[in-house]
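Here's the structure we're looking at; comments come further down.
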Amino acid sequence: MRNLPTLLAALVVVMVVGFYMCTFQVRFTEVAIVETFGEPADEPDREPGLKFKWPWPIQTVVKFDTRIRVLEDRTEETYTADSKNIIVTTSTFWTVDDPYKFHRAFQRVEDGEKQLRDAIRSQKKAVIGRYDFANFVSTDTTERKLATMEHEMLTGIHVEGESAVQSLADTWRGNYGVAIKYFGITKLTLPTSVTQAIFESMRKTEENKAKNYEAEGQAKAKQIVSAAEEARERIMSVANRKATEIRNEGERIVSELYAKFEEHQELRIFLDKLRTVVDSLSGDTTFILDSNTPPVDLFKLDTTGQMAPANAEPAAPRMIDRVAEGS
Numbered sequence: 004m005r006n007l008p009t010l011l012a013a014l015v016v017v018m019v020v021g022f023y024m025c026t027f028q029v030r031f032t033e034v035a036i037v038e039t040f041g042e043p044a045d046e047p048d049r050e051p052g053l054k055f056k057w058p059w060p061i062q063t064v065v066k067f068d069t070r071i072r073v074l075e076d077r078t079e080e081t082y083t084a085d086s087k088n089i090i091v092t093t094s095t096f097w098t099v100d101d102p103y104k105f106h107r108a109f110q111r112v113e114d115g116e117k118q119l120r121d122a123i124r125s126q127k128k129a130v131i132g133r134y135d136f137a138n139f140v141s142t143d144t145t146e147r148k149l150a151t152m153e154h155e156m157l158t159g160i161h162v163e164g165e166s167a168v169q170s171l172a173d174t175w176r177g178n179y180g181v182a183i184k185y186f187g188i189t190k191l192t193l194p195t196s197v198t199q200a201i202f203e204s205m206r207k208t209e210e211n212k213a214k215n216y217e218a219e220g221q222a223k224a225k226q227i228v229s230a231a232e233e234a235r236e237r238i239m240s241v242a243n244r245k246a247t248e249i250r251n252e253g254e255r256i257v258s259e260l261y262a263k264f265e266e267h268q269e270l271r272i273f274l275d276k277l278r279t280v281v282d283s284l285s286g287d288t289t290f291i292l293d294s295n296t297p298p299v300d301l302f303k304l305d306t307t308g309q310m311a312p313a314n315a316e317p318a319a320p321r322m323i324d325r326v327a328e329g330s
């Protein structure tokens, strides 16, 4: 009886160890392959929960995480088609799609990840070597072809004549059970020497564009000035022609009036005096003049009490009447 606690403790330990060796747990993010004497079961176990198995070495369990993994390749310089060095970093989102194929190809997930990184690195170098530097970095959006490069890196398809290679994604899915969910270029890095050269090239490009814009602006300005000058010449020509016509018409009318005034000198003298009086009285100046002094002699009264021009001939009023009647 003294050894009963020890026996109970040993029994509990044996039960715990046996339970541990005969069970395994599958999480909802995992898939499990049960192997019996090294031979995998017909179907992987994808249902989460507590499972039972025979203890080792009869049965063993290999589990894989089915969540999407992110693989970022190494940072290293690669040469473009025009011998410019550039650092292109890519990211690959992948997951274990077929655990049987993956388990047969690799002992560990890290081994598969390493081989996938090497395959992407090789494919990346091959694609980058077919494109010029301007296809990576350029102010002209039509020259940049990053999307095309990403597609070629992933699919591995580059047609030259009639030849093409198999898709990288299809190869890894078919041979290794790896599904590539997304692939893309995430970062472009330039060495210091290349960066300075690129900035200088971009500066010259922008300066050339500025000069072209300035030349175009000056050409358009000259066109506008030339068109304005032509319009001004046309307007001035029309205005001068109209002014000449108006001046000729005015001279004709004045000539007719002068001709009438020549026929009636008394009327012309009377109007000149009247205009002089009006102009003189338009200001604030006071004039003291003799009534016989022109042009105030207009206000001199005759013997009948009527206003008559000084020194005028007796027949002058009748002449004015005749002119008025003739008008």
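First residue of the sequence shown? That's 4 in my numbering, and the numbers climb one at a time after it. A virtual CB, placed ideally from N, CA and C, is assigned to each residue, including glycine. These numbers were taken from a predicted model, which means no experiment stands behind them.
Partner residues in the beta bridge of Y185, as assigned by DSSP, are F96. As computed with DSSP, R72 is found in a beta bridge with W97. By a beta-carbon distance limit of 8 Å, I89 contacts E80. Their separation comes to about 7 Å. When the alpha-carbon of V34 is set against those of D282, F67 and F139, the nearest one is in F67.
For the 8 Å CB-CB criterion, T93 and D76 form a contact.
DSSP places E259 within a helical segment (H, G or I) once states are collapsed to three. By the C-beta density criterion, Q221 is exposed, having fewer than 16 other C-beta atoms within 10 angstroms. For I123, the enclosing alpha helix (DSSP H) stretches over residues V112 to I131. For the 8 Å CB-CB criterion, K148 and N138 form a contact. In the three-state reduction of the DSSP assignment, L284 falls in the coil class, being assigned neither a helical nor a strand state.
Between the stretch 177–196 and the stretch 224–243 there are fewer than three inter-stretch CB-CB distances shorter than 8 Å, so the stretches are not counted as touching. About 6 Å separates the CB atoms of L53 and Q28; that is less than 8 Å, so the two are in contact. Around the beta carbon of W97, a 10 Å sphere encloses 16 or more other beta carbons of the protein chains shown; the residue is thus reported as buried. Q110 and V73 have their C-alpha atoms some 20 Å from each other.
When secondary structure is reduced to three states using DSSP, I238 falls in the helix class. Close CB contacts of A84 within its chain, under the 7 Å cut and outside five residues either way in sequence, are with G132, R133, Y134 and D135 (chain order). Counted as a single uninterrupted DSSP element, the stretch harbouring K148 is not any beta strand (DSSP E), since DSSP gives it neither H nor E.
A distance of 8 Å or more separates the beta carbons of R176 and D114. Look at N251 here: in three-state DSSP terms it is helix.
Residue nearest to V91 within the set E116, H106, M152 and E46 is M152 (criterion: CA-CA distance). Going by DSSP, K87 is part of no alpha helix (DSSP H) at all; its letter is neither H nor E. Taken through DSSP and simplified to helix, strand or coil, G220 comes out as helix. Residue pairing by DSSP puts P43 in a beta bridge opposite E38. S229 and E265 have their alpha carbons spaced roughly 52 Å apart. Distance from the CA of A13 to the CA of R70, rounded to the nearest whole angstrom, comes to 40 Å. Under the criterion of beta carbons closer than 8 Å, Y103 and I36 qualify as touching, at roughly 7 Å. Between T26 and Q62, the C-beta spacing is not below 8 Å. By the CB criterion at 8 Å, P297 and K276 fall inside the cutoff. Burial check for I123: the Cβ neighbour count within 10 Å reaches 16 or more, so the residue is buried. One thing to note: T142 has its Cβ within 8 Å of the Cβ of T208.
Rounded to whole angstroms, the gap between the alpha carbons of T195 and S204 is 14 Å. If you look at T26, you'll find it in the beta strand (DSSP E) that goes T26 to V29. A straight line joining the alpha-carbon of L284 with that of L274 spans about 15 Å.
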